[in-house]
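Worksheet: one structure, shown below.
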Amino acid sequence: MTSDLPPQTTAEMYLPHFVVKQKLTMMVNRYEISESDEAGNPTRLMALAEQKRMAFKEQVTFFSDAGKSRPVFGFKARRKLDLNAGYDITDESGAPLGFFRKDFGASLLRSTFHIEGPGYAGTGQERNQLVGLLRRFTEIDFLPIHFDFVSAEGQPLFSVERKMSIGDRYRVSVPDRRVDFRVAAAVAVGLDALMSR
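So in this note's numbering, spot 68 of the sequence shown is number 77, and the numbers just go up one at a time.
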């Protein structure tokens, strides 16, 4: 039996596994994104971004190194001061890679995000609604976080997972080869910044 579905293309920058580590300082939130093995051990720094504490920027730029010598991708709000408008993800030259937005209505009970990229669209939700409610309505800051993103057809796109711990370190697994690493990384950082909003 043959499938009528077109063959799946591989994104320009596809990585099956990577980690996002957030380092907090007095003035800056720093996100380091590293390629990893299947167990989640970092193997190679891919990008990093910094943002001032207590203020979510409408634009986040990821650089190739700590010296910020070369921007490699970023995301930017479509409209300022409108968190529901969503964020365009672009490569280093400004060409579009994808889009994501938080669904604030659906997020009252379980944080929900929508994502689009070349050849796919999908939705990501917190796997555990009880954990989501505890995180939202208590001061407990070390609860596990697990988001599963699935395509409109119900196929897994990628997942973002933080184990129960102090400090934010997310493991990202990407079974769908259409999902560019830069899209999944931008969404993972966006999740961290937007979950409490």
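Don't be surprised by glycine CBs; every beta carbon is placed ideally from N, CA and C.
In this text the structure is predicted, and so the values were computed from the model without any measurement.
How many angstroms separate the CA atom of R110 from the CA atom of G199? 9 Å
Q | V192 vs A20 beta-carbon contact at 9 Å | A | yes
### Integer Cβ distance of L24 from F158, believed to fall under 8 Å
Not really, about 15 Å apart at Cβ, beyond 8 Å.
(message) Quick check on DSSP: helix, strand or coil for L33?
(response) strand
> If you draw a straight line from the C-alpha of T99 to the C-alpha of R88, how long is it?
Replying inline: Answer to the nearest angstrom: the Cα atoms are 16 Å apart.
Original post:
Do G126 and F108 have their C-beta atoms closer together than 9 Å?
Top reply: yes
Quiz item: Three-state secondary structure (DSSP) at F214?
Solution: Beyond the ends of the chain as shown, which are 10 and 206, falls residue 214; an answer cannot be given.
task: Can you check DSSP and say which residues form a bridge with T132?
output: H123 and V159
*For my contact list, T52 and E44 are in at a C-beta cut-off of 8 Å; report their separation, rounded to the angstrom.*
Yes, they are in contact, since the Cβ atoms of T52 and E44 sit about 5 Å apart, within 8 Å.
Q.
Alpha carbons only, please: which of R171, G131, R178 and K172 is nearest the one belonging to Q164?
A. G131
Q.
Taking DSSP's pairing of strands, which residues face E170 in a bridge?
A. H155 and R180
Problem set entry | Member of T34, L166, H155 and A115 whose CA lies at the smallest distance from the CA of K61 | Checking every option, the nearest Cα to that of K61 belongs to T34.
Suppose you measure from the CA of F82 to the CA of L106; what does that come to, to the nearest Å? 9 Å
| said: Using a Cβ-Cβ cutoff of less than 6 Å, which residues in the same chain neighbour S168 once the five nearest sequence positions on both sides are dropped? | reply: D157 and S182
query = In three-state DSSP terms, what is R39?
reply = strand
Q.
If contacts are defined as beta-carbon pairs under 8 Å, then F84 and A195 qualify, I think. What distance do you get, rounded to the angstrom?
A. Between A195 and F84 the Cβ distance is about 4 Å, and since that is below 8 Å, they are a contact.
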